[in-house]
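Q:
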Amino acid sequence: MKSSDIDVVARTLLRLTRAVVKQVDTDIYNVITEDQSPSTISTVASVAAWDAGSGQDPIKDILGAIEDIEDYNYDISQGELWLNPKQKTSLLTWLISTKGGSIPQFASEKVKNGVLMEFLGLKVRVSNNVVADSAPVLIPAAAATWKSHTNTTSVAIEDRGIGTKFRVYELGITLLTDPRAVCLITNTDA
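Using our numbering, read the sequence shown as starting at 201 and increasing by one per residue.
1) Name the one or two DSSP bridge partners that residue 267 has.
2) Taking just the CA atoms, how far does residue 263 sit from residue 210?
3) Kindly confirm or deny that the stretch 315-335 and the stretch 264-279 touch, where touching means at least three C-beta pairs closer than 8 angstroms.
4) Name the two residues that bound the continuous alpha helix (DSSP H) containing residue 290.
5) Using 8 angstroms for Cβ pairs, my map puts residue 247 next to residue 261. What's the rounded Cβ distance?
6) Straight-line CA distance for residue 367 to residue 257?
7) What is the rounded straight-line gap between the Cα of residue 285 and the Cα of residue 251?
8) Can you give me the C-alpha to C-alpha distance between residue 317 and residue 282, rounded to a whole angstrom?
9) Kindly indicate which three-state DSSP category residue 228 falls into: helix, strand or coil?
10) Below 7 angstroms, is the gap between the Cβ of residue 277 and the nearest heavy atom of the ligand MG?
11) Can you name, in chain order, every residue of its own chain whose Cβ lies under 7 angstroms from the Cβ of residue 329, other than the five neighbours on each side?
This is the structure in structure tokens:
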């Protein structure tokens, strides 16, 4: 640590912190989607896989999920659509190549920047935590709460003459406070 040209400690702590944050995000996702085995949250099966050769209609799928949440009198204006990177690619490909002629301004903007920040009034979040073959639509502030016992913390444990151990941890739990603020779109991948 003392003789390195790069800050080894900072890089190590960064990687450990990312791993802990990933575990927290995975826990939040799993609780919100009930480990992809819904019992209290709503589900909508997609018309066809978003990456299928034909027949798919992600807009209808997403609108179905929005309608399901609105049926329980929620204001979807703070809603989000969570996708994994493959689903984002499938959705953009479908929008640009299949529907590009119908929505030319949208399609040309996406071809130019490839960024999907908002879709059908929902904020789009792309994460590797989103499990393949599903895409949740939800109102995060209403659906769940992360109760933190201990914020992300790092500790260096020095063992003189041998080395230093680094521990990074966070303690907390995700509570699914309102399952009706979540709708899981299933069968999005072929």
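Every residue gets a Cβ at the ideal spot worked out from N, C-alpha and C, and that includes glycine.
Please read all numbers here as calculations on a predicted model, not as lab measurements.
A: By the coordinates alone:
1) Translated into positions along the sequence shown, residue 267 becomes position 67. Note: residue 267 sits in no beta bridge, so no partner.
2) Locating residue 210 in the sequence shown gives position 10, where the first residue counts as 1. Locating residue 263 in the sequence shown gives position 63, where the first residue counts as 1. Straight-line Cα distance between these residues: approximately 45 angstroms.
3) The stretch 264-279 and the stretch 315-335 touch, with three or more beta-carbon pairs separated by less than 8 angstroms.
4) The residue labelled residue 290 in the question sits at position 90 within the sequence shown. That run of the alpha helix (DSSP H) goes 285-293.
5) Here residue 247 refers to the residue found at position 47 of the sequence shown. Here residue 261 refers to the residue found at position 61 of the sequence shown. Indeed, because the Cβ distance is near 6 angstroms, the residues count as touching under 8 angstroms.
6) In the sequence shown, residue 367 corresponds to position 167, counting from 1. In the sequence shown, residue 257 corresponds to position 57, counting from 1. Computed Cα separation, rounded: 46 angstroms.
7) By 1-based counting over the sequence shown, the position of residue 285 is 85. By 1-based counting over the sequence shown, the position of residue 251 is 51. For the pair residue 285 and residue 251, the Cα-to-Cα distance works out to about 12 angstroms.
8) Numbered from 1 along the sequence shown, position 117 holds the residue referred to as residue 317. Numbered from 1 along the sequence shown, position 82 holds the residue referred to as residue 282. Rounded to whole angstroms, residue 317 to residue 282 spans 11 angstroms at the Cα level.
9) If you number the sequence shown from 1, residue 228 lands on position 28. DSSP places residue 228 in the helix class (H, G or I) of the three-state scheme.
10) Looking at this structure, you won't find the ligand MG or any other ligand, since it has none at all.
11) What you label residue 329 is simply residue 129 of the sequence shown in a count that begins at 1. Excluding residues within five positions, the ones whose Cβ falls inside 7 angstroms are 225, 226 and 229.
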